[in-house]
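K.L.:
Take this structure first; my questions come after.
Protein chains: 4
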Amino acid sequence: MWKGNTVSADLAQADATARRPGRPRSEAAEHAIIEATLELFAEGGVEGVCVEAVAAKAGVGKATIYRRWPGKEELLIHAIGSLKTALPEPKGASVRDDLIAIVELLVSDAADPRYMRQFTMWMSEGQKYPRLMSMFKESVVEPNRRVIRGVLRRGVETGELRPDIDVDLSMFCLTGTVMARGKHGEDAFPAGFAEQLVDQVLSGLAPR
Amino acid sequence: MWKGNTVSADLAQADATARRPGRPRSEAAEHAIIEATLELFAEGGVEGVCVEAVAAKAGVGKATIYRRWPGKEELLIHAIGSLKTALPEPKGASVRDDLIAIVELLVSDAADPRYMRQFTMWMSEGQKYPRLMSMFKESVVEPNRRVIRGVLRRGVETGELRPDIDVDLSMFCLTGTVMARGKHGEDAFPAGFAEQLVDQVLSGLAPR
Amino acid sequence: MWKGNTVSADLAQADATARRPGRPRSEAAEHAIIEATLELFAEGGVEGVCVEAVAAKAGVGKATIYRRWPGKEELLIHAIGSLKTALPEPKGASVRDDLIAIVELLVSDAADPRYMRQFTMWMSEGQKYPRLMSMFKESVVEPNRRVIRGVLRRGVETGELRPDIDVDLSMFCLTGTVMARGKHGEDAFPAGFAEQLVDQVLSGLAPR
Amino acid sequence: MWKGNTVSADLAQADATARRPGRPRSEAAEHAIIEATLELFAEGGVEGVCVEAVAAKAGVGKATIYRRWPGKEELLIHAIGSLKTALPEPKGASVRDDLIAIVELLVSDAADPRYMRQFTMWMSEGQKYPRLMSMFKESVVEPNRRVIRGVLRRGVETGELRPDIDVDLSMFCLTGTVMARGKHGEDAFPAGFAEQLVDQVLSGLAPR
DNA sequence: CAATAATCGAGACGGTACGTCGCGTCTTGGG
DNA sequence: CCCAAGACGCGACGTACCGTCTCGATTATTG
């Protein structure tokens, strides 16, 4: 069984005295592989990532990939997992400002093909690559949702929002609108989109 | 050049007097193919539809499929096109009631994997199957959008809504929320979801 | 176990009434594969034949090759076996004329890279591809030797040759000289080479 | 640029006073490498020599090999060159005796797989390893040929042989027969083979 | 009835990607 | 400098599908 890419783990658990014999694995190759994987992912989604193309683009032999990850799914897990899309903790200024910052980040992500592909991956084919999906959910989707939920809950506490709001509904309203508008919205997001969206949503949440 | 699946057309224009010689195509087989295609589409999306599997599930030879449609994309166009997801014209009662009716329909669609997969298809793999995409856009997405936009515009005319609202933003807010909530919303939509969503959105659009 | 390319066998044993279901194997593809294999063999010997290159040169998928032969060795066996290098039966005129005809054929073969490669294959690497080697020995080398031995033995019977000659030694003398002279003989065989060689060898075999 | 294996030269020219710093190269390792190379060459020819196997058989790290020779071809050149197959100068007794001595040496070589492989190498894979080939030609093939040609030419001068003989043809007749008989001659050379061959060849060369 | 032709299962076709293996080469750490 | 161990790029291997195409045999309609 594969227990993850163990190089750093080994180095961490056993300090410099006890490392593997032989030539160490090239960090440059590892980086090039991840980079190539992400580029191909950005171009063609999950299905656009084929190990042979990754190897060619990274200037690396296929064996160098399979030495590190047992298969395509693990490579994808590692590469996409390394993207760190987690939303930053909000500043805590006001609910409105925090949400605007978050939505602006979502909007700017939707413009970057790397992150855009994550949306579409998340929306589509969950059958193949179930481990990739659950990793993505656990380490990207849920953290992001937690941040947004946190802001909304804090708004309730501070009285900025009505106490009886449906937190999840509001959250989906923000993220879903960005998704729906972004994909096939044909033209780029206009300036001020984030404010407009947040204000419209908040107007339904403000205390009466 | 392929000029569409002409069976029904031929049968319509020239009834029993001038039909083709030889054994007629079995409507049962055609139906079974479409049905199998839709089932596989529901299970695995566009990529889950492979002709071999369709043939097996429909209990039909692969040739029987290629006799009718020149390829996978056309089969999908036909199958998905046959799903008729167009929203019905709103009754025109009130903006709120109309929108609730629409959202309820969206919600019930989002519960059926057949329709849910349409969302995900629409969100993902766009470059492959461009004809499928443009057919879907023309005959499903745009009609639906037109209906929703119509309701919102009528609301502005009747004064139910503020005159300066962003029609498209509001539309995306409705559809996007349903999509985001539906996809990986884990549990079914709660009763009253449509009212709740529409009210929340409308509260941002109501005249002050 | 693989029992040879069974297409023709099946057709032979069971006449036209009982053939395999499904699309029959393309004879054109088979021919192109063999042709490509022989071309690559002529260019690079056994090691120059790689299945991927054969497929590319023949304009054929790799599966089409593996459907017919279980691996590279069998492909080589079939391709090289199809070359039919067996020497023709001698006319029986005189031993001298028969041997000259044979040596002229050996010499002309040594000029054709396809046959030249057979010499070098026969000389080299017998470890890998032992089945190829034994097939080559059985169906090419030994038949050829048999022909030459036959001519020499007949010469003994007719009194053209001494009765106490060493048939095999004389045979190796003919074939070995062609091989040694041909390979790295640097320049082409001169006209009259066959006569010269045969006369020189025969002068040691003539009755005193 | 690689300037040859300079170890022994260096050690010879500069004795203990000016040797290289650090641990000196183990002559035992060098010997073991050459020995292993020759063994593998005897077993599997040029293609049977792979650096990994040489290192394993010699009980040596691969680096130890690459420190001494820049690659496989140079290793082979060194190993095979160390075999010293050059024929000894003939005694000059009589042409027949000299040739018999030479052929006996060829025969005994052909029984040793190390030397037999040289024949097959010479006959086969020429384009790869061109440097190995030209070294072999220059330092093994041509010297040997020169010796045989010398004996034959002397025979012409002394009147032992006809003046119009084709020296090269006769030479190839001797060497080629040994090669052809040796390779896959199945059983060992019989006693008296050399005399028999030389007599048969000479009977075509003797003055009438 | 006989001709016609569309039906069916089955499987071959070219292609692309997979994951593995072995090669010749290079690069560590420790002795 | 030596040695072991093992990573590196490369390229071929044999497999598994995919979407497409093509066969022989069957079956139902039409003339």
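Chains as they are written, first to last, in my numbering: chain A, 150 to 357; chain B, 150 to 357; chain C, 150 to 357; chain D, 150 to 357.
We put the CB at the ideal spot given by N, CA and C, even for glycine.
Give, in chain order, every residue of the region 312 to 327 of chain C whose Cβ lies closer than 9 Å to some Cβ of chain D.
P.N.:
Cβ contacts with chain D: Ile314, Asp315, Asp317, Leu318, Ser319, Met320, Phe321, Cys322, Leu323, Thr324, Gly325, Thr326 and Val327.
K.L.:
Roughly how far, in whole angstroms, is the beta-carbon of Ala191/A from the beta-carbon of Pro262/A, given that I think they are within contact range, below 8 Å?
P.N.:
Along the first sequence, read from residue 1 onward, the residue named residue 191/A stands at position 42. Along the first sequence, read from residue 1 onward, the residue named residue 262/A stands at position 113. With a Cβ gap of about 4 Å, Ala191/A and Pro262/A count as contacting.
K.L.:
Chain A partners of Thr269/B, CB-CB under 7 Å?
P.N.:
Here residue 269/B is taken as the residue at index 120 of the second sequence, counted from 1. Simply Met272 and Ser273.
K.L.:
Please classify Gly241/C as buried or exposed, where buried requires at least 16 other C-beta atoms within 10 Å of its C-beta.
P.N.:
One-based indexing of the third sequence puts residue 241/C at position 92. With fewer than 16 Cβ atoms within 10 Å of its Cβ, Gly241/C is classed as exposed.
K.L.:
Check the C-beta distance from Arg182/A over to Ile214/A and give it rounded, since I have them as a contact under 8 Å.
P.N.:
Counted from its first residue, the first sequence places residue 182/A at position 33. Counted from its first residue, the first sequence places residue 214/A at position 65. Per the sequence presented here, residue 182/A reads as Ile, with Arg not at that position. That belief holds up - the Cβ atoms of Ile182/A and Ile214/A are roughly 6 Å apart, short of 8 Å.
K.L.:
Note down, in chain order, each residue of its chain lying with its Cβ closer than 6 Å to the Cβ of Gly366/A, except the 5 sequence neighbours on either side.
P.N.:
Outside the modelled stretch of chain A, which goes from 150 to 357, sits residue 366/A, for which no answer is possible.
K.L.:
Is the Cβ-Cβ distance between Thr326/A and Leu301/A less than 9 Å?
P.N.:
Your numbering for residue 326/A matches position 177 in the first sequence. Your numbering for residue 301/A matches position 152 in the first sequence. No, the Cβ-Cβ distance between Thr326/A and Leu301/A is not below 9 Å.
K.L.:
When DSSP labels each residue in this structure, what does Ala165/B get in the three-state scheme?
P.N.:
Translated into positions along the second sequence, residue 165/B becomes position 16. Confidence in Ala165/B is poor, its pLDDT being 42 and thus under 50, which makes the residue's placement too unreliable to answer from.
K.L.:
On the CB-based measure, 16 or more other CB atoms within 10 Å of its CB, does Gln349/C come out buried or exposed?
P.N.:
As a working mapping, residue 349/C is identified with position 200 in the third sequence. Result: buried.
K.L.:
Nearest-angstrom Cα distance between Ile226/C and Thr186/C?
P.N.:
Locating residue 226/C in the third sequence gives position 77, counting from the first residue. Locating residue 186/C in the third sequence gives position 37, counting from the first residue. C-alpha separation (whole angstroms): 11 Å.
K.L.:
Which residues mark the beginning and the end of the alpha helix (DSSP H) in which Lys206/D is found?
P.N.:
What you label residue 206/D is simply residue 57 of the fourth sequence in a count that begins at 1. Unbroken alpha helix (DSSP H) run through Lys206/D: Val200 to Ala207.
K.L.:
I'd like the list of long-range same chain contacts for Glu306/D, defined as Cβ closer than 8 Å, with 5 residues on each side in sequence excluded.
P.N.:
Here residue 306/D refers to the residue found at position 157 when the fourth sequence is read from its first residue. Closer than 8 Å at the Cβ level, and outside the excluded window around Glu306/D, lies no residue.
K.L.:
Cβ of Asp261/D less than 9 Å from any chain C Cβ?
P.N.:
Position 112 of the fourth sequence holds residue 261/D. So, not an interface residue.
K.L.:
Determine the burial state of Cys199/B: buried for a count of at least 16 other Cβ atoms within 10 Å of its Cβ, exposed for fewer.
P.N.:
Position 50 of the second sequence, counting from 1, holds the residue named residue 199/B. The residue is exposed, with fewer than 16 neighbouring Cβ atoms inside 10 Å.
K.L.:
Within 10 angstroms of its Cβ, does Ala343/C collect 16 or more other Cβ (buried), or is it exposed?
P.N.:
If you number the third sequence from 1, residue 343/C lands on position 194. That one is buried.
K.L.:
From Val289/A, Pro339/A and Pro312/A, pick the residue whose C-alpha is nearest to that of Asp315/B; which is it?
P.N.:
Translated into positions along the second sequence, residue 315/B becomes position 166. Ranking Val289/A, Pro339/A and Pro312/A by Cα distance to Asp315/B puts Pro339/A first.
K.L.:
Is it the case that the Cβ atoms of Tyr264/A and Val195/A are separated by a distance below 9 Å?
P.N.:
Residue numbering aside, residue 264/A sits at position 115 when the first sequence is read from its first letter. Residue numbering aside, residue 195/A sits at position 46 when the first sequence is read from its first letter. For Tyr264/A and Val195/A, no; Cβs fall outside 9 Å.
K.L.:
The alpha helix (DSSP H) spanning Gln349/C covers which residue range?
P.N.:
Residue numbering aside, residue 349/C sits at position 200 when the third sequence is read from its first letter. Counting along the chain, the alpha helix (DSSP H) containing Gln349/C begins and ends at Phe342 to Leu351.
K.L.:
To the nearest angstrom, report how far apart Asp246/C and Val289/C are at their CA atoms.
P.N.:
Position 97 of the third sequence, counted from the start, is the residue given in the question as residue 246/C. Position 140 of the third sequence, counted from the start, is the residue given in the question as residue 289/C. So the alpha carbons of these two residues sit roughly 22 Å apart.
K.L.:
Can you tell which of Ser352/C, Ala207/C and Leu354/C has its C-alpha closest to the C-alpha of Ala178/C?
P.N.:
Taking the first residue of the third sequence as 1, we reach residue 178/C at position 29. Answer by Cα proximity: Ala207/C.
K.L.:
Here's the rule I'm using: 16 or more other beta-carbon atoms within 10 Å means buried, otherwise exposed. How should Ala228/B be labelled?
P.N.:
Within the second sequence, numbered from 1, the residue matching residue 228/B stands at position 79. Buried is the call here.
K.L.:
Taking CB distances under 9 Å as the criterion, tell me whether Leu187/B reaches chain A.
P.N.:
Position 38 of the second sequence, counting from 1, holds the residue named residue 187/B. No, Leu187/B does not count as interfacial toward chain A.
K.L.:
Can you list, in chain order, the residues of its chain whose CB lies under 6 Å from that of Glu253/A, leaving out five sequence neighbours each side?
P.N.:
As a first step, residue 253/A is located in the first sequence; it is residue number 104 there, counting from the start. Cβ neighbours of Glu253/A beyond the five flanking positions: Ala343.
K.L.:
Could you tell me if Arg216/A is buried or exposed, where buried requires 16 or more neighbouring beta carbons within 10 angstroms of its beta carbon?
P.N.:
Residue numbering aside, residue 216/A sits at position 67 when the first sequence is read from its first letter. Answer is exposed; the Cβ neighbour count stays below 16.
K.L.:
Using a C-beta cutoff of 9 Å, does Lys332/B count as contacting chain A?
P.N.:
Here residue 332/B refers to the residue found at position 183 when the second sequence is read from its first residue. For Lys332/B, the answer is yes, since a Cβ of chain A falls inside 9 Å of its Cβ.
K.L.:
Note down the Cα distance separating Met270/D from Ser273/C, rounded to an integer number of angstroms.
P.N.:
To locate residue 270/D, count along the fourth sequence from 1; it is residue 121. To locate residue 273/C, count along the third sequence from 1; it is residue 124. One C-alpha to the other measures close to 7 Å.
K.L.:
Around the Cβ of Ser257/B, are there at least 16 other Cβ atoms within 10 angstroms (buried) or fewer (exposed)?
P.N.:
Residue numbering aside, residue 257/B sits at position 108 when the second sequence is read from its first letter. The residue is exposed, with fewer than 16 neighbouring Cβ atoms inside 10 Å.
K.L.:
Out of Ser283/B, Thr324/B and Ser319/B, which has the shortest C-alpha to C-alpha gap to Leu255/B?
P.N.:
Position 106 of the second sequence, counting from 1, holds the residue named residue 255/B. With distances taken between Cα atoms, Leu255/B lies closest to Thr324/B.
K.L.:
Mind checking Glu223/A: buried by the 16 CB within 10 Å criterion, or exposed?
P.N.:
The residue you call residue 223/A lines up with position 74 of the first sequence. Buried, since its Cβ has 16 or more Cβ neighbours within 10 Å.
K.L.:
Would Ala259/A and Phe268/A be called neighbours here (beta carbons separated by less than 9 Å)?
P.N.:
Sequence index remark: in the first sequence, residue 259/A carries index 110 (1-based). Sequence index remark: in the first sequence, residue 268/A carries index 119 (1-based). Yes, the Cβ-Cβ distance between Ala259/A and Phe268/A is below 9 Å.
K.L.:
Taking the alpha helix (DSSP H) that Val290/A falls in, what are its first and last residues?
P.N.:
One-based indexing of the first sequence puts residue 290/A at position 141. Element bounds for Val290/A: n/a, residue is neither H nor E.
K.L.:
Helix or strand or just coil, what does DSSP make of Glu238/A?
P.N.:
Taking the first residue of the first sequence as position 1, residue 238/A is located at position 89. Correct three-state label for Glu238/A: coil.
K.L.:
DSSP on Trp218/D, reduced to helix/strand/coil?
P.N.:
Reading the fourth sequence from its first residue, position 69 is the one you call residue 218/D. Three-state result, Trp218/D: coil.
K.L.:
For chain B, check one thing: does any of its Cβ atoms lie closer than 9 Å to the Cβ of Gly194/A?
P.N.:
Mapped onto the first sequence, residue 194/A falls at position 45. Chain B, which has a Cβ nearer than 9 Å to the Cβ of Gly194/A, makes this yes.
K.L.:
Just curious, the alpha helix (DSSP H) that Tyr278/D is in, first and last residue?
P.N.:
Locating residue 278/D in the fourth sequence gives position 129, counting from the first residue. Counting along the chain, Tyr278/D falls outside any alpha helix (DSSP H), and DSSP gives it neither H nor E.
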